[in-house]
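So the structure is just underneath, and the comments pick up after that.
This is the structure:
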């Protein structure tokens, strides 16, 4: 966080030099006290807001519910800091309880709370802590590591001007991002309307003449689950397509895994161009029944047990038309209703798959519909890609604003401001005068 150049009136320090100690509550002393518990899962890491708290009595609260927070505090998750679970404590959560999984950042008198919040959300601050995280399966940093981060401290008055400028600039970015997200919603609705029109005969000029009601099972040459054998990374054996390789709507050959199959097993499970792979079991009902059409580069590969292979009779239904049907709103709704489970794992079996009912046009009409859908989806994807690019550009601009803010380039310095080193002296003197106000040793 440090820079070679020190703006006029600024001072170098560590976060620990300008923050206060955080009191912890003894759950056993007030077991009946009701609290709003702030946990890491309650943070929206895109908006950096607390969007959910859990109500407990202290006697039933998790053991990590110990830190007493105040309005204006910044909570910074010490677990996987790169996930940016950071938020400002709002007025309504004043004096509530936060998890010890947070580093709670509370400014001393003369330090603007929002200045510290924006500092904590800056990418340079997050990156500095990500570099020192420890633990492979549960990467984290200690509270002491957060509080030892170096920074350049502006005078109190300049902190306020910086915060005001950031809020003004961010408000403009918020407006632009809101428009982009509305466009994304419109594109998603348009996609659904295209798919609905495709399977109801209203997408093309011909209309739904001579469409016949069918069930999927009557159109399949074969339906088969994949291999249950364990798959491993590497290059030995047969490559196996898994759920991550198909849920994007097309075949993705990244991160392939392999297994050893007998000649007989491979004969049964080997993929052909035009096969349709769908997810049969997943923790998300929204993914069940989704999949992709096998392309030439995946021919001869096998597929995992959580997938179902649908091999169609191409004289009656084209693979691309089946893919459209499986993604259409009405069929999706039926699949998700059938797949819903209270166990947490949602399933679609082969009998349910074969029972999927829809109306079917002739193959020539299917081909016409496929062409119209592909053209419309291409336009939609171009719009979605543009929105994503603009949102990323906006996020980058936010970080550029923060970088300027914490290097003294966002607002001009005012020679009449009291220098920051005087503020540091007052904070230090206050701690000396009031031993209880000294920073306690920060806990991990």
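Residue numbers (the working numbering): 59 to 502. Built from N, CA and C at the ideal position, the CB exists for glycine as well. No experiment lies behind these values; they were computed from the predicted model shown.
TODO: Taking the CB atoms as reference points, tell me whether residue 374 and residue 277 lie closer together than 8 Å.
DONE: Working through the chain shown from its first residue, we reach residue 374 at position 316. Working through the chain shown from its first residue, we reach residue 277 at position 219. Yes, these two residues count as a Cβ contact at 8 Å.
Open item on the list: For a quick check, are the C-beta atoms of residue 216 and residue 469 less than 8 Å apart?
Closed with: As a first step, residue 216 is located in the chain shown; it is residue number 158 there, counting from the start. As a first step, residue 469 is located in the chain shown; it is residue number 411 there, counting from the start. In this structure, residue 469 lies closer than 8 Å to residue 216 by Cβ.
Task: Where the beta strand (DSSP E) containing residue 369 begins and where it ends - done: In the chain shown, the residue the question calls residue 369 occupies position 311. Element bounds for residue 369: 365-370.
Open item on the list: Less than 7 Å between C-beta atoms, sequence neighbours within five positions excluded: which residues of the same chain meet that for residue 354?
Closed with: By 1-based counting over the chain shown, the position of residue 354 is 296. Closer than 7 Å at the Cβ level, and outside the excluded window around residue 354, lie 331.
TODO: Classify residue 256 as buried or exposed, calling it buried when 16 or more other Cβ atoms lie within 10 Å of its own Cβ.
DONE: Along the chain shown, one-based indexing puts residue 256 at 198. Looking at its Cβ environment, which holds 16 or more other Cβ atoms inside 10 Å, residue 256 is buried.
Task: Cβ distance (whole Å) where residue 275 is taken to contact residue 361 below 8 Å - done: Taking the chain shown and counting its residues from 1, one reaches residue 275 at position 217. Taking the chain shown and counting its residues from 1, one reaches residue 361 at position 303. The C-beta distance from residue 275 to residue 361 rounds to 20 Å, too long to fall under 8 Å, and the pair is not in contact.
TODO: Would you check if there are 3 or more beta carbon pairs closer than 8 Å linking the stretch 190-209 to the stretch 134-147?
DONE: Touching, per the Cβ criterion.
Task: Alpha-carbon to alpha-carbon, residue 222 and residue 214 - done: Working through the chain shown from its first residue, we reach residue 214 at position 156. Working through the chain shown from its first residue, we reach residue 222 at position 164. Going from the Cα of residue 214 to the Cα of residue 222 covers about 13 Å.
TODO: Count the other CB atoms, across all protein chains shown, that sit within 10 Å of the CB of residue 154; report buried if there are 16 or more and exposed otherwise.
DONE: Indexing the chain shown from 1 puts residue 154 at position 96. With 16 or more other Cβ atoms within 10 Å, it is buried.
TODO: Determine the DSSP secondary structure at residue 345, reduced to helix, strand or coil.
DONE: Along the chain shown, one-based indexing puts residue 345 at 287. Note: residue 345 maps to coil in three-state DSSP.
Open item on the list: Can you tell me whether residue 492 is helix, strand or coil according to DSSP?
Closed with: Reading the chain shown from its first residue, position 434 is the one you call residue 492. Here residue 492 sits in coil by DSSP.
Open item on the list: Whole angstroms are fine: how far does the CA of residue 474 sit from the CA of residue 104?
Closed with: As a first step, residue 104 must be located in the chain shown, where it is residue number 46. As a first step, residue 474 must be located in the chain shown, where it is residue number 416. Each residue's Cα considered, the two are about 38 Å apart.
Open item on the list: Nearest by alpha-carbon distance to residue 403: which of 343, 427, 377 and 350 is it?
Closed with: As a working note, residue 403 is residue 345 in the chain shown. Scanning 343, 427, 377 and 350 for the CA closest to the CA of residue 403 turns up 343.
Open item on the list: Buried or exposed, going by whether 16 or more other CB atoms sit within 10 Å of the CB of residue 312?
Closed with: Taking the first residue of the chain shown as position 1, residue 312 is located at position 254. With fewer than 16 Cβ atoms within 10 Å of its Cβ, residue 312 is classed as exposed.
- [ ] Pull up the distance between the alpha-carbon of residue 229 and that of residue 165, whole angstroms please.
- [x] Within the chain shown, the letter at position 171 stands for residue 229. Within the chain shown, the letter at position 107 stands for residue 165. Answer to the nearest angstrom: the Cα atoms are 24 Å apart.
Task: For residue 102, the three-state DSSP class (helix, strand or coil) - done: Taking the first residue of the chain shown as 1, we reach residue 102 at position 44. Note: residue 102 maps to strand in three-state DSSP.
Task: Chain-order list of residues whose beta-carbon lies under 7 Å from that of residue 411 (same chain, five-residue window excluded) - done: Stepping through the chain shown from its first residue, residue 411 is reached at position 353. Answer for residue 411: 274, 281 and 366, listed in chain order.
- [ ] Answer with buried or exposed for residue 279, where buried requires no fewer than 16 other C-beta atoms within 10 angstroms of its C-beta.
- [x] The residue you call residue 279 lines up with position 221 of the chain shown. Exposed is the call here.
- [ ] Please check the pair residue 298 and residue 315, which I expect to be a contact at CB under 8 Å, by giving their CB distance rounded to whole angstroms.
- [x] As a working note, residue 298 is residue 240 in the chain shown. As a working note, residue 315 is residue 257 in the chain shown. Going by Cβ atoms, the distance from residue 298 to residue 315 rounds to 6 Å, so yes, they are a contact pair.
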